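Asker: With the UniProt record's numbering as the guide, the letters of the sequence shown map in order to residues 1 to 337.
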Amino acid sequence: EADLNLNMEICELINKKGSGWPRDAALLTLRVISNKSQQSGLLALTLLDNLVKNCGMPFQMQVGSKEFLGALVKNLPEIPPPIPNALQYRILELLQEWNATLAEGRYAEDFRNVRAVWNYLQYKGYRLTSNFDANTSVLKDKEVLRSEKEMEDEDRKHHEAKLQELLRRKTPEALAEANELMKTLAGYDFDSRPDYKGKFLQDLDKLEKRAEELKNSLNAATSLVGDTKIMDLYDACKGAQNKIQKWLREETDPESTSRLLALNDLLNDVLREYDARKLGKSGPEYHSPAFSAKAPATTSVVPAVAQLTRPIPPPLVSSGRFECRQCHRGDEAELTG
Numbered sequence: 001e002a003d004l005n006l007n008m009e010i011c012e013l014i015n016k017k018g019s020g021w022p023r024d025a026a027l028l029t030l031r032v033i034s035n036k037s038q039q040s041g042l043l044a045l046t047l048l049d050n051l052v053k054n055c056g057m058p059f060q061m062q063v064g065s066k067e068f069l070g071a072l073v074k075n076l077p078e079i080p081p082p083i084p085n086a087l088q089y090r091i092l093e094l095l096q097e098w099n100a101t102l103a104e105g106r107y108a109e110d111f112r113n114v115r116a117v118w119n120y121l122q123y124k125g126y127r128l129t130s131n132f133d134a135n136t137s138v139l140k141d142k143e144v145l146r147s148e149k150e151m152e153d154e155d156r157k158h159h160e161a162k163l164q165e166l167l168r169r170k171t172p173e174a175l176a177e178a179n180e181l182m183k184t185l186a187g188y189d190f191d192s193r194p195d196y197k198g199k200f201l202q203d204l205d206k207l208e209k210r211a212e213e214l215k216n217s218l219n220a221a222t223s224l225v226g227d228t229k230i231m232d233l234y235d236a237c238k239g240a241q242n243k244i245q246k247w248l249r250e251e252t253d254p255e256s257t258s259r260l261l262a263l264n265d266l267l268n269d270v271l272r273e274y275d276a277r278k279l280g281k282s283g284p285e286y287h288s289p290a291f292s293a294k295a296p297a298t299t300s301v302v303p304a305v306a307q308l309t310r311p312i313p314p315p316l317v318s319s320g321r322f323e324c325r326q327c328h329r330g331d332e333a334e335l336t337g
């Protein structure tokens with residue numbers, strides 16, 4: 001049995017040390033996987049899975065390299081066996097998951113080698129009997145509402161991890177790409193800078209449509225029991241509302257504040273209606289104004305924002321799922337021992 005606690009401690013240590021540790025850990029894990037002992041290889045594959053899911057882009061860049069993938073697939077015979085052994089099957093499972101998540105995510109271009117290897121294995125005749133649902137993986141890009149600054153910070157972390165890997169390779173192609181990446185990080189390449197504000201406004205429009213859809217679904221539903229669509233919409237709206245209220249306390253631009261206030265009003269109305277219906281209190285006397293007529297727009301920004309500084313009562317328990325991607329304990333002795 002794999003020691004999950006030890007795995008998490010190793011992940012935390014690598015995150016804390018940074019620099020060349022992700023690469024060293026990837027190569028060491030790969031060496032154990034290729035060991036003649038199948039049991040040791042399976043334990044190393046479990047560690048590899050946890051490292052990919054908990055050490056972020058610095059480690060993921062390693063498993064997406066030709067060097068790593070080429071060495072990993074050497075554990076698979078050229079001709080697919082009728083029934084792969086446990087080690088071979090686990091390698092195929094990991095490659096399938098990376099192909100469906102990393103190679104299809106926001107930074108898919110950096111994982112094109114994963115897609116190429118998976119397509120090659122399928123061409124050779126490798127198949128998995130189990131169906132994989134990418135939506136259940138923590139590696140899958142989730143539709144999370146992020147501010148302009150949060151999107152920019154995420155891109156910067158990705159660029160920094162990629163830059164380190166390109167500088168390590170030292171090939172002419174890698175150094176040329178690293179040079180362009182440094183211009184982007186320094187802020188000189190304005191043409192390649194994403195439109196973070198435009199993306200943020202698009203995400204707000206999507207959230208508004210979801211809130212309207214939840215409102216219409218509540219009006220049409222006779223019961224909320226077993227209605228997964230309404231529950232999913234509620235979870236999305238509830239999670240976004242907390243972020244919007246936080247941004248309203250920090251926002252200084254009047255135009256953005258007005259947009260966020262209008263959306264916050266809509267979310268308040270629809271979530272209040274959901275909570276009332278959940279408690280069995282349906283009827284006109286429990287409905288918010290938005291469910292009987294168009295709610296008036298907020299006329300004053302300052303009083304409305306001031307309302308948000310008051311203590312917020314604890315919300316009803318949501319059915320949303322929480323996934324922990326980062327571990328929070330570390331013990332350096334465990335890795336060196």
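Built from N, CA and C at the ideal position, the CB exists for glycine as well.
Here the structure is a predicted model, which means the values were calculated and not measured.
Would you tell me roughly how many angstroms separate the C-alpha atoms of aspartate 110 and asparagine 135, rounded to the nearest one?
Answerer: What you label residue 110 is simply residue 110 of the sequence shown in a count that begins at 1. What you label residue 135 is simply residue 135 of the sequence shown in a count that begins at 1. For aspartate 110 and asparagine 135, the distance between alpha carbons rounds to 21 Å.
Asker: Nearer than 7 Å: is that true of the beta carbon of asparagine 85 relative to any heavy atom of the ligand SAM?
Answerer: Among the components of this structure there are no ligands whatsoever, and the ligand SAM is therefore not found.
Asker: Given cysteine 237, which residues of its chain have a CB within under 7 Å of its CB, disregarding the five upstream and five downstream residues?
Answerer: Translated into the one-based positions of the sequence shown, residue 237 becomes position 237. Closer than 7 Å at the Cβ level, and outside the excluded window around cysteine 237, lie Arg210, Ala211, Leu214, Leu267, Val270, Leu271.
Asker: Here's the rule I'm using: 16 or more other beta-carbon atoms within 10 Å means buried, otherwise exposed. How should glycine 41 be labelled?
Answerer: Within the sequence shown, numbered from 1, the residue matching residue 41 stands at position 41. So glycine 41 ends up on the buried side.
Asker: Check each candidate in Gln38, His158, Ala71 and name the one with the smallest Cα separation from leucine 87.
Answerer: Position 87 of the sequence shown, counting from 1, holds the residue named residue 87. It is Gln38 whose Cα lies nearest to the Cα of leucine 87.
Asker: Using 10 angstroms around the beta-carbon of residue 345, count the other beta-carbons present and answer buried if the total reaches 16, otherwise exposed.
Answerer: Look at the range of the chain in this structure, 1 to 337, and you will see that residue 345 is not part of it.
Asker: So what's cysteine 237 in DSSP terms, helix, strand or just coil?
Answerer: If you number the sequence shown from 1, residue 237 lands on position 237. Of the three classes helix, strand and coil, the one that applies to cysteine 237 here is helix, per DSSP.
Asker: Given this structure, state the Cα-to-Cα distance separating residue 364 from asparagine 216, to the nearest angstrom.
Answerer: Any property of residue 364 remains undetermined from this structure, which presents the chain solely from 1 to 337.
Asker: Evaluate the contact criterion for the region 171-179 versus the region 218-227: three or more CB pairs, one atom per stretch, below 8 Å.
Answerer: Flag = no, the region 171-179 and the region 218-227 do not touch.
Asker: Would you check if the region 93-100 and the region 42-59 touch, i.e. whether three or more CB-CB distances between them fall below 8 Å?
Answerer: Contact holds: three or more Cβ-Cβ distances are below 8 Å.
Asker: List the endpoints of the continuous alpha helix (DSSP H) containing threonine 184.
Answerer: Along the sequence shown, one-based indexing puts residue 184 at 184. Per DSSP, threonine 184 belongs to the alpha helix (DSSP H) from 172-186.
Asker: Can you tell me where the alpha helix (DSSP H) holding proline 150 begins and where it ends?
Answerer: Against the sequence shown, residue 150 aligns to sequence position 150. Per the sequence presented here, residue 150 reads as glutamate, with proline not at that position. Looking at the DSSP string, the run of the alpha helix (DSSP H) that includes glutamate 150 is 148-169.
Asker: Roughly how far, in whole angstroms, is the beta-carbon of lysine 140 from the beta-carbon of threonine 101, given that I think they are within contact range, below 8 Å?
Answerer: By one-based count along the sequence shown, residue 140 stands at place 140. By one-based count along the sequence shown, residue 101 stands at place 101. Confirmed, Cβ separation roughly 5 Å.
Asker: Provide the residue span of the alpha helix (DSSP H) that contains proline 22, from first to last.
Answerer: To locate residue 22, count along the sequence shown from 1; it is residue 22. Unbroken alpha helix (DSSP H) run through proline 22: 21-33.
Asker: Only counting the same chain, and skipping five residues up and downstream in sequence, which positions put a Cβ closer than 8 Å to that of glutamate 78?
Answerer: Within the sequence shown, the letter at position 78 stands for residue 78. If we look at glutamate 78 and ignore the five residues flanking it on each side, its Cβ neighbours are Lys124.
Asker: Let me know the secondary structure DSSP gives isoleucine 10 once reduced to three states.
Answerer: In the sequence shown, counting from the first residue as 1, residue 10 sits at position 10. Three-state result, isoleucine 10: helix.
Asker: Measure from the alpha carbon of valine 114 to the alpha carbon of each residue in Pro82, Ser147, Asn85, Glu67, then state which is nearest.
Answerer: Taking the first residue of the sequence shown as 1, we reach residue 114 at position 114. Among Pro82, Ser147, Asn85, Glu67, the Cα nearest to that of valine 114 is on Glu67.
Asker: Would methionine 151 and lysine 206 qualify as a contact pair, given that the criterion is a beta-carbon distance under 8 Å?
Answerer: As a first step, residue 151 is located in the sequence shown; it is residue number 151 there, counting from the start. As a first step, residue 206 is located in the sequence shown; it is residue number 206 there, counting from the start. Result no, Cβ atoms of methionine 151 and lysine 206 do not sit closer than 8 Å.
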